[in-house]
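Letter by letter, the sequence shown follows residues 1 to 214 of my numbering.
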Amino acid sequence: MEFIDEKLENYSLVHTEEEPEILKKLNRETCLKVMRPRMISGHLQGRFLSMLSHMICPKRVLEIGTYTGYSALCIAEGMPADSELITIDINEELTPMVEKYSQLYGMQDIVKMIVGDASQIIPSLKGSFDLVFIDADKENYTLYVKQCLDLVHKGGYIVIDNVLWSGKVIAEKSHMDIETKAIDQVNKFVATCPHLQQILLPVRDGLMICRKIS
Ligand SMILES: C[S@@+](CC[C@H](N)C(=O)[O-])C[C@H]1O[C@@H](n2cnc3c(N)ncnc32)[C@H](O)[C@@H]1O
């Protein structure tokens, strides 16, 4: 099954826009120098985020979980010149790499990184957002969605990464670890939230796309 999945993913990549050179470099440098490089969005999901951003043309984006800035730069591709992407990460050691690649990609005026615990920072943010991308510590996913519901205007979007969690979400509840339970919880929260229209896409590790409807 995994073999077929891998072949299909390769087929999808071959028929998807090529990864931009600078993002390829960022991907490579992340793999060489940063812990847990599997966390990076990567080619396929990155192109999906770019496409989504071009469709929405968001002027204000909040990202929770910057890592080395790959997904932030993909989203920034679809944002107009005078827009703002605030991205939060608890790991300050990542800042130089995020700044370096934002500069190389010409997105330094759009991407603003805040270092700190997202659950503490989100309530201090002012104004509303057109798009929120949640891709940080899984245990806090439901909290992040609840915190962001007030920050996203009606018609705005919340995108949540890793909602299939390598397929572990369909395991028996008694066999689920803490992170899997947290992912299952956020999926159930979103699916029953009257303020959101949602679709769970089985892209890569699962992407939940939510639109605020009320
Ligand atoms: C999966 S990575 C993000 C990947 C990135 N969005 C990308 O696609 O390239 C998750 C990030 O969340 C950060 N993180 C974990 N807990 C956090 C917290 N409480 N507040 C803010 N960031 C956190 C980690 O330091 C890590 O860089």
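For every residue, glycine included, the Cβ atom is placed at its ideal position computed from N, Cα and C.
CA-to-CA distance, residue j to residue i, given in whole angstroms
{"i": "residue 1", "j": "residue 127", "result": "Low confidence applies here, because residue 1 scores a pLDDT of 47, under 50, leaving its location unreliable; read the following figure in that light. Using only the alpha carbons, I get a separation of about 46 Å."}
{"i": "residue 75", "j": "residue 52", "result": "8 Å"}
{"i": "residue 186", "j": "residue 211", "result": "15 Å"}
{"i": "residue 290", "j": "residue 194", "result": "Given that the chain is displayed from residue 1 to residue 214, the structure contains no residue 290 and the question cannot be resolved."}
{"i": "residue 123", "j": "residue 7", "result": "43 Å"}
{"i": "residue 86", "j": "residue 111", "result": "6 Å"}
{"i": "residue 44", "j": "residue 17", "result": "9 Å"}
{"i": "residue 206", "j": "residue 141", "result": "14 Å"}
{"i": "residue 15", "j": "residue 77", "result": "20 Å"}
{"i": "residue 22", "j": "residue 30", "result": "12 Å"}
{"i": "residue 136", "j": "residue 13", "result": "25 Å"}
{"i": "residue 9", "j": "residue 42", "result": "12 Å"}
{"i": "residue 56", "j": "residue 181", "result": "31 Å"}
{"i": "residue 37", "j": "residue 58", "result": "28 Å"}
{"i": "residue 5", "j": "residue 174", "result": "27 Å"}
{"i": "residue 92", "j": "residue 11", "result": "37 Å"}
beta-carbon residue i near ligand 1 non-hydrogen atom, thresh 7 Å
{"i": "residue 214", "result": "no"}
{"i": "residue 131", "result": "no"}
{"i": "residue 141", "result": "no"}
{"i": "residue 78", "result": "no"}
{"i": "residue 41", "result": "yes"}
{"i": "residue 67", "result": "yes"}
{"i": "residue 11", "result": "no"}
{"i": "residue 122", "result": "no"}
{"i": "residue 205", "result": "no"}
{"i": "residue 102", "result": "no"}
{"i": "residue 91", "result": "yes"}
{"i": "residue 182", "result": "no"}
{"i": "residue 105", "result": "no"}
Cut-off 8 Å between Cβ atoms - residues of its own chain near residue i, not counting five sequence neighbours on either side
{"i": "residue 202", "result": "164"}
{"i": "residue 143", "result": "119"}
{"i": "residue 198", "result": "190, 191, 208, 209, 210, 211"}
Beta-carbon gap between residue i and residue j smaller than 8 Å
{"i": "residue 161", "j": "residue 183", "result": "no"}
{"i": "residue 66", "j": "residue 113", "result": "yes"}
{"i": "residue 218", "j": "residue 70", "result": "Not covered by the structure: residue 218. The range shown for the chain is 1 to 214."}
{"i": "residue 61", "j": "residue 35", "result": "no"}
{"i": "residue 84", "j": "residue 72", "result": "no"}
{"i": "residue 196", "j": "residue 213", "result": "yes"}
{"i": "residue 216", "j": "residue 98", "result": "Beyond the ends of the chain as shown, which are 1 and 214, falls residue 216; an answer cannot be given."}
{"i": "residue 155", "j": "residue 131", "result": "no"}
{"i": "residue 176", "j": "residue 188", "result": "no"}
Own chain, CB closer than 7 Å to residue i, minus 5 neighbours either side, in chain order
{"i": "residue 166", "result": "205"}
{"i": "residue 152", "result": "128, 129, 132, 158, 212"}
{"i": "residue 108", "result": "102"}
{"i": "residue 121", "result": "88, 114"}
Cutoff 6 Å; reference residue i; Cβ partners in own chain excluding five residues on either side
{"i": "residue 179", "result": "138"}
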